[in-house]
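Here's the structure we're looking at; comments come further down.
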Amino acid sequence: MPLKNLRFKTLNCSKLLLVLVWLFAGCNFKKYYVRDDYSFYSKEFQLDKASLLQTDGVYLSDKKEVATIYKFYPTGQVNMLVDPNHELKTDNDYMKAFNRRISDPSPSGRATLFEGYYRIKDDKVVIQFMNQPRRQFYYSYAYLTKGQLVIVKTTHIGRGKMDEKHYQTNYRAVYQFEPGSVNGYLPPNW
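Each residue of the sequence shown is one higher than the one before, starting from 215 at the first, in the numbering used here.
Quick look at the structure:
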């Protein structure tokens, strides 16, 4: 079929530019994820009081290069801060940092953060979080011991199922529990 018989022969530069702008704007769409996008979100979630997971403080990484701090909430949310300059030293510092991020979710020049949800069964925990650049959910598989959270795998594979194969790895990222205030933390807003 010759080109002169095609319908777009009347396409001029302004129409072509409009189509290209629409096409590129559509490719650059950024989705903001909300509760219902997370399969781990449950409005009725309440952590069992007998659980090994502690919510009255934070879990601090053993690695000294960059401090990573997890805060778990009894309602199923989890939050993480990265403290590359080791500025956070006390329970009050941790509380202020997490509260600042909750009250102002996008402060410039502050530590990075992710917000997610967790599931727990016996001594096993799975944390679900969103990797924004890839627009993909990731899962951190961990187990609990008295006073420790041990992450053994982080992957986008497995959809957060607590299969034994996810816990059989040689990798270990150990986080020690640091007790703190129960009442000073703001409730999570995600």
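Just so you know, even glycine gets a beta-carbon here, dropped at the ideal spot from N, CA and C. Fair warning: this is a prediction, and the values are worked out from it, not measured in the lab.
Spatial neighbours of arginine 324 in its chain, beta-carbon cut-off 6 Å, leaving aside the 5 residues before and after = For arginine 324, the pLDDT reaches just 48, beneath the cut-off of 50, and the residue's location in the model is therefore unreliable, leaving the point undetermined.
Alpha carbon to alpha carbon, how far is aspartate 262 from aspartate 318?
-> 30 Å
Rounded C-alpha distance that separates methionine 294 from phenylalanine 328 = 5 Å
Given a cut-off of 9 Å, decide if glutamine 390 and aspartate 276 are closer than it, judged by their beta-carbon atoms.
-> yes
Ordered list of alpha helix (DSSP H) runs contained in the segment 288-325, each at least 4 residues = 305-317
In this structure, does DSSP put lysine 375 in helix, strand or coil?
-> coil
Cα-Cα, which of His300, Gly290 and Lys379 is closest to phenylalanine 343?
-> Gly290
In chain order, what residues of the same chain lie with their CB nearer than 6 Å to the CB of threonine 326, ignoring the 5 residues before and after it?
-> Note that threonine 326 scores 49 on pLDDT, short of 50, meaning its location in the model is unreliable; the coordinates nonetheless yield the value given after this. Excluding positions up to five away in sequence, the list reads Val296.
Give me the Cα-Cα distance between alanine 387 and proline 393, rounded to the nearest whole angstrom.
-> 19 Å
Kindly indicate which three-state DSSP category tyrosine 381 falls into: helix, strand or coil?
-> helix
Given a cut-off of 9 Å, decide if valine 339 and leucine 267 are closer than it, judged by their beta-carbon atoms.
-> yes
Taking buried to mean at least 16 other C-beta atoms within 10 Å of its own C-beta, is phenylalanine 311 buried or exposed?
-> Looking at the sequence shown, residue 311 is not phenylalanine but alanine. That one is buried.
For asparagine 345, which residues does DSSP report across the bridge?
-> Gln350
Spatial distance of threonine 383 from tyrosine 352 (CA atoms) | 17 Å
If you draw a straight line from the C-alpha of arginine 333 to the C-alpha of methionine 309, how long is it?
-> 23 Å
Neighbourhood of asparagine 345 by C-beta, 7 Å cutoff - its chain only, sequence neighbours within 5 removed = Tyr352
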